[in-house]
Each structure stands twice: as C-alpha cells, then as structure tokens.
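Enquirer: I have a structure I would like to understand better, so I am pasting it below and will then ask my questions one at a time.
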Amino acid sequence: RVTNTLGDADMNGEYEALYAFGARSFSIWDAAGNLVFDSGDQVAHLTAAFSAATFNSQGAADSFDSRSDDKGAEPEGVTKGVVNGRTLAFVGLERIGGVMVYDLTDPTAPAFLQYLAPEGEDVGPEGLFFIPAYQSPTCHALLVVNYEVSGSTTFYQLGTSECVYLPIVVSQ
10 RVTNTLGDAD
20 MNGEYEALYA
30 FGARSFSIWD
40 AAGNLVFDSG
50 DQVAHLTAAF
60 SAATFNSQGA
70 ADSFDSRSDD
80 KGAEPEGVTK
90 GVVNGRTLAF
100 VGLERIGGVM
110 VYDLTDPTAP
120 AFLQYLAPEG
130 EDVGPEGLFF
140 IPAYQSPTCH
150 ALLVVNYEVS
160 GSTTFYQLGT
170 SECVYLPIVV
180 SQ
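Under this note's numbering, the sequence shown has 108 at position 99, and the numbering climbs by one with no breaks.
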C-alpha cells in the first residue's frame with residue numbers, strides 16, 4: 010500500500026516519490042541511533058528462492074504473491090543469541106511463515122545463514138525466544154517459536170552441545 014500523505018514535496022498535486030509502509034526488511038541500529046544495516050529486499054529474494062510456491066503469500070500455496078501489495082513476508086518477531094561463539098539473529102516471517110537466520114558476529118555485515126521453513130501446520134510465527142546452551146536441558150541452544158494462527162510451538166535445537174561434564178570422584 011502506498012500513502013498519499015507523503016511524496017508531493019512541492020504540493021503541486023504530482024507525486025515525486027512514493028512511500029509505502031510495512032515491514033519488508035529488518036534493520037540494525039547502534040547505541041547512538043545510527044543505522045548500521047538494513048536487509049533491504051533480501052527477505053523477498055530469499056523467500057522467493059526458498060519457497061517459490063508460497064512467495065509473498067498468507068502461507069498457503071493458493072495465495073501466491075497476494076502480499077506483494079501489502080507487507081510482503083512481513084518480518085515481525087526478532088530475537089538474537091550466541092550459538093557456538095557466533096551471534097545469530099532469528100527473524101520470524103509472519104505471513105509466509107518460517108524464520109530467517111543471520112550471523113551478526115559482525116553487525117555491519119550480517120550474513121544470511123539459513124531459512125527455517127515452517128514445520129507441518131505451523132502458521133504465523135509471532136514470538137521467538139532464545140534459550141542459551143548453558144540454560145538448556147539438552148546442552149544445545151534452543152530457539153522457541155510460537156505460531157499465532159496455528160496455536161503451535163516449535164523448538165529448534167541449534168549448534169553443538171556446549172555442556173561441560175565434570176568428572177565425579179568417589180573416594181573410599
């Protein structure tokens with residue numbers, strides 16, 4: 010959707026620029042409020058490559074490209090955490106579903122790592138929660154994703170085990 014409240018800088022009734030609102034990317038800002046990174050159209054290009062049948066859809070194959078005039082894949086829930094020494098960002102895509110994983114170890118040059126496609130009937134990721142390996146019962150970092158439309162929750166096990174096992178010494 011395009012707004013009619015912006016874009017006519019000289020107020021002559023002719024729009025010099027078009028402005029659309031909506032979440033199609035994610036941005037990283039530093040502590041001073043300066044933009045460090047914006048993913049731009051990466052989300053659209055990557056989801057088109059990874060799930061062409063549901064590109065910019067409501068998550069169903071029969072709604073292909075129905076979100077392009079709205080907010081696209083609509084990145085919504087975001088969390089970050091450290092997995093095996095690397096800082097990762099997890100970006101939930103509300104409409105198309107799934108989670109994009111980026112390496113933020115260098116926040117000025119994030120690298121796309123993986124697209125976690127929705128499992129089974131999981132629809133509409135809303136909240137993402139990261140559990141570090143040292144707090145996890147499996148000794149692996151965990152990503153917990155809750156899905157508002159399907160009412161489901163999925164746990165993703167990440168990285169390798171980070172538990173340290175101490176020897177038990179039994180004296181007689």
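Ideal Cβ positions, reconstructed from N, Cα and C, are used throughout, including at glycine.
All of these numbers come straight from a predicted model, not from anything done at the bench.
Could you compute how far the alpha carbon of L55 sits from the alpha carbon of I177?
Expert: Distance between the alpha carbons of L55 and I177 is about 49 Å.
Enquirer: Would the segment 107 to 126 and the segment 20 to 27 be scored as touching if the rule is three or more Cβ pairs under 8 Å?
Expert: Cβ pair count under 8 Å is below three, so no.
Enquirer: Given that a residue counts as buried once 16 or more other Cβ atoms are within 10 Å of its Cβ, and exposed if not, what is G133?
Expert: It counts as buried.
Enquirer: Exposed or buried, which one is G101 when buried takes at least 16 other CB atoms within 10 Å?
Expert: Buried, because 16 or more other Cβ atoms sit within 10 Å of the Cβ of G101.
Enquirer: Take V153 and list the residues in its own chain whose beta-carbon comes closer than 6 Å to its own, dropping the five residues that flank it on each side.
Expert: Result list for V153: F138, F164, in chain order.
Enquirer: Is there a Cβ from chain D that is less than 9 Å from the Cβ of L44?
Expert: Absent from the structure: chain D. Only one protein chain is present.
Enquirer: Rounded to whole angstroms, what's the CA-CA distance from V158 to I105? Just pull it up for me.
Expert: If I take the Cα positions, the gap works out to 12 Å.
Enquirer: So, for S145: in the same chain, excluding its five sequence neighbours on each side, which residues have a beta-carbon less than 8 Å away from its beta-carbon?
Expert: Hits under 8 Å: L151.
Enquirer: Taking the alpha-carbon of T117 as reference, which of D17, S36, V52, F99 has the nearest alpha-carbon?
Expert: Per the Cα distances, S36.
Enquirer: Taking the continuous beta strand (DSSP E) assigned at V45, which residues delimit it?
Expert: 44 to 47 is the span of the beta strand (DSSP E), which, as asked, contains V45.
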